[in-house]
Ligand code: PMP
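Numbering (our numbering), first residue to last: 2 to 334.
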């Protein structure tokens with residue numbers, strides 16, 4: 002069967018399935034929420050996830066009508082494309098950012114335009130490009146995956162003042178940082194914020210993510226959302242997590258502390274590592290470092306051309322990574 006032309010160039014999202022390795026490649030939390038839930042599975046889940054939506058709205062201090070909840074923030078990104086993007090529309094983002102923005106642009110036949118960034122994300126350049134290209138939607142990952150760079154709120158606000166298309170701020174890692182755009186939602190009705198339970202909340206396996214936006218945007222998105230998109234177990238898992246937000250905060254504090262230790266260690270090893278506002282660190286090294294680390298049982302993310310990202314795990318995992326890294330550096334040099 003012939004596939005659609007525009008998806009022929011795509012390759013499936015690659016997920017490393019190694020067993021018995023220290024997994025520092027996918028920015029998950031090393032801390033488990035320990036949820037035990039099996040109830041009412043004979044029924045379909047609550048289509049609107051109302052109980053979860055109400056609790057989440059309380060936590061975020063927004064209205065439930067400003068929320069869409071679903072299968073990870075990945076589903077939220079796709080819903081935005083499905084709702085707003087037509088063939089040939091322009092979508093603008095940064096080049097070195099979350100890969101799925103480009104993938105969904107390809108699938109939905111949009112023209113994905115990028116502003117280059119190695120580490121620093123130049124908002125002046127993004128604003129200039131937005132004014133010149135007039136994209137339908139702008140994707141900003143803040144803090145940015147994979148670099149950990151944080152754009153200031155006032156820089157994002159400068160964009161919002163100049164541009165009235167959709168501005169999507171993907172805050173998947175915001176719990177490790179400050180500077181959420183949440184309290185600007187009332188001011189800008191073209192602002193969409195994406196969040197997830199996969200990172201700080203430690204629920205990557207449950208696949209729960211959400212969108213916060215004006216009621217107008219939410220009601221459009223709900224028109225295309227598949228029925229029962231978030232299963233009952235995951236709804237319960239997220240409710241449980243929200244009841245234990247102090248645990249999340251403690252885990253986040255531990256990860257930030259470990260991140261600071263890791264930043265200092267990488268610096269001592271003369272590795273060019275960048276300041277991060279998330280639960281991972283972006284660093285530069287020789288390409289063969291990837292295999293050398295893997296042979297020692299540590300999986301990091303390699304982006305090619307000497308670019309790596311290591312997730313901050315538990316203390317003992319980070320120490321194993323540093324030990325493997327020191328040995329690997331000796332071997333490959
Ligand atoms: N946004 C960003 C920036 C991410 O890094 C990820 C996961 N890697 C996602 C969205 C998707 O996360 P999920 O679907 O698990 O919520």
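C-beta: ideal position from N, C-alpha, C; glycine also.
Counting along the chain, where does the beta strand (DSSP E) carrying residue i start and finish?
| i | result |
| --- | --- |
| residue 213 | 210-214 |
| residue 112 | 112-116 |
| residue 130 | No beta strand (DSSP E) holds residue 130; the alpha helix (DSSP H) holding it covers 124-134. |
| residue 294 | Note, residue 294: premise wrong, no beta strand (DSSP E); alpha helix (DSSP H) at 290-296. |
| residue 301 | Note, residue 301: premise wrong, no beta strand (DSSP E); not H, not E. |
| residue 312 | 308-312 |
| residue 229 | Residue 229 -> no beta strand (DSSP E), and no H or E assigned at all. |
| residue 282 | 281-285 |
| residue 171 | 167-171 |
| residue 138 | 138-142 |
| residue 95 | 91-95 |
Would you say residue i and residue j are within 7 Å of each other, going by their C-beta atoms?
| i | j | result |
| --- | --- | --- |
| residue 116 | residue 140 | no |
| residue 233 | residue 46 | yes |
| residue 144 | residue 283 | no |
| residue 260 | residue 313 | yes |
| residue 193 | residue 214 | yes |
| residue 23 | residue 299 | yes |
| residue 179 | residue 196 | no |
| residue 277 | residue 149 | yes |
| residue 198 | residue 142 | no |
| residue 28 | residue 280 | yes |
| residue 182 | residue 157 | yes |
| residue 266 | residue 225 | no |
What residue range does the alpha helix (DSSP H) around residue i cover?
| i | result |
| --- | --- |
| residue 253 | 246-269 |
| residue 83 | 73-85 |
| residue 322 | 316-333 |
| residue 105 | 101-108 |
| residue 159 | 154-163 |
| residue 61 | 51-61 |
To which residues of the same chain is residue i closer than 7 Å at the C-beta, ignoring the five residues directly before and after it?
| i | result |
| --- | --- |
| residue 257 | 177 |
| residue 56 | 240 and 243 |
| residue 235 | 207, 208 and 209 |
| residue 263 | 282, 313 and 319 |
| residue 19 | 300 |
| residue 230 | 71, 72 and 76 |
| residue 105 | 78, 79 and 82 |
| residue 54 | 65, 68 and 70 |
| residue 321 | 23 and 299 |
For residue i, which residues of its own chain have a beta-carbon under 8 Å away from its beta-carbon, when the five flanking residues on both sides are left out?
| i | result |
| --- | --- |
| residue 216 | 64, 66 and 67 |
| residue 268 | 274 |
| residue 7 | 107, 108 and 110 |
| residue 305 | 288 |
Output needed for residue i: all residues of its chain with C-beta closer than 6 Å, excluding positions within five of it in sequence on either side, in chain order.
| i | result |
| --- | --- |
| residue 90 | 111 and 137 |
| residue 154 | 180 |
| residue 174 | 144, 200 and 279 |
| residue 205 | 29 and 199 |
Original post:
Using the beta carbon as the reference atom, which residues fall closer than 5 Å to any heavy atom of ligand 1, ordered along the chain?
Top reply: 73, 74, 75, 99, 142, 146, 171, 173, 197, 199 and 210
Original post:
Can you find at least 3 beta carbon pairs, one from the stretch 128-138 and one from the stretch 80-96, that sit closer than 8 Å?
Top reply: yes
Original post:
With contact counted as at least three CB pairs below 8 Å, one residue from each stretch, are the stretch 314-330 and the stretch 280-299 in contact?
Top reply: yes
**OP:** Check whether the stretch 174-194 touches the stretch 158-165, counting contact only when three or more Cβ pairs, one atom from each stretch, lie closer than 8 Å.
**Re:** yes
**OP:** Tell me, please, whether the stretch 217-224 touches the stretch 244-251 by the rule of three or more beta-carbon pairs shorter than 8 Å.
**Re:** no
Original post:
Between the stretch 68-86 and the stretch 207-218, do three or more beta carbon pairs fall short of 8 Å?
Top reply: yes
Subject >> Validate contact between the stretch 20-32 and the stretch 107-125 using beta carbons, cut 8 Å, 3 pairs >> reply: no
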